[in-house]
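Residue numbers (my numbering): 5 to 277.
Don't be surprised by glycine CBs; every beta carbon is placed ideally from N, CA and C.
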Ligand code: HPA
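Here it is as structure tokens:
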């Protein structure tokens with residue numbers, strides 16, 4: 005089973021190398037409604053996920069389903085414009101597969117982005133948040149199964165998952181550039197149903213500042229392999245029960261349009277620092 009996972013990872017990485025993806029330094033995983041950032045990459049090669057071995061071809065709302073590789077800010081970057089969610093794949097192995105492939109390609113830094121619901125009542129919808137830690141309420145973990153020793157340890161430490169020094173630099177530079185950036189804890193739930201108001205009160209009580217249906221699998225895989233991680237969340241809406249109105253996926257995608265400029269500036273900083 006794990007042998008075949010290892011083989012699949014290598015096959016996908018070989019395909020990407022053979023199609024021009026050479027020595028990428030940074031991967032940017034683009035969240036819901038945030039895929040347009042990929043258009044900033046110059047001299048880009050675009051590879052549809054449908055062409056990459058073992059990449060899931062399902063496409064969630066607000067995601068393109070393409071890998072874009074090129075140069076940006078003097079660095080060789082990959083944009084994953086479209087991610088696989090646990091709620092689509094029904095398997096952590098499939099959800100985290102692109103991150104496994106990024107590790108195999110020897111990418112040094114993961115910039116993970118997402119849209120999430122705002123749980124912290126001192127923050128508000130429309131803000132950007134740099135993630136300091138996470139709580140995994142998905143009920144699963146992408147490292148379950150035989151450990152792939154070539155990438156990391158069986159029991160990886162998670163204390164320093166989100167690089168503190170990089171986070172401090174990011175917060176400082178965001179302030180210099182006048183961008184509103186807060187800091188907090190991301191809570192992952194499986195979805196696809198949004199949370200109930202009671203679940204949101206529970207998440208607030210256990211220390212979550214925002215809630216979403218992604219990113220934790222990618223962060224665990226990147227941390228397992230000792231990669232630098234910067235994670236940025238767009239607080240697209242107040243979480244369930246905060247406002248007296250229902251939530252919708254369309255609202256999340258729509259809200260993301262308003263933040264594109266600040267989001268791009270923050271990701272640019274995350275590449276540069
Ligand atoms: N809950 C879960 N995931 C989300 C939300 C939310 O309120 N907003 C955007 N992604």
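- Residue state for residue 18 is assigned as helix, using DSSP reduced to three classes.
- Below 8 Å, enough C-beta pairs join the stretch 106-120 and the stretch 219-230 to call them touching: three or more.
- Apart from the 5 residues on each side of it in sequence, residue 98 sits with its Cβ closer than 7 Å to the Cβ of 60 and 88 in its chain, given in chain order.
- For the options 42, 71 and 37, the alpha carbon positioned closest to that of residue 23 is the one of 71.
- For residue 195, the shortest C-beta to heavy atom distance toward ligand 1 is below 8 Å.
- Distances taken from the Cβ of residue 130 to the heavy atoms of ligand 1 include none shorter than 8 Å.
- CA-to-CA, the gap between residue 73 and residue 123 works out to about 34 Å.
- Note that the C-beta distance between residue 132 and residue 236 is below 9 Å.
- Its Cα nearest to that of residue 258, the residue 241 stands out among 241, 266, 271 and 272.
- Its Cα nearest to that of residue 17, the residue 102 stands out among 102, 91 and 96.
- In this structure, residue 216 has its beta carbon less than 8 Å from a heavy atom of ligand 1.
- Collapsing the DSSP output to three states places residue 254 in a helix.
- With a cutoff of 8 Å, residue 118 counts as near ligand 1, since its C-beta is closer than that to a heavy atom of the ligand.
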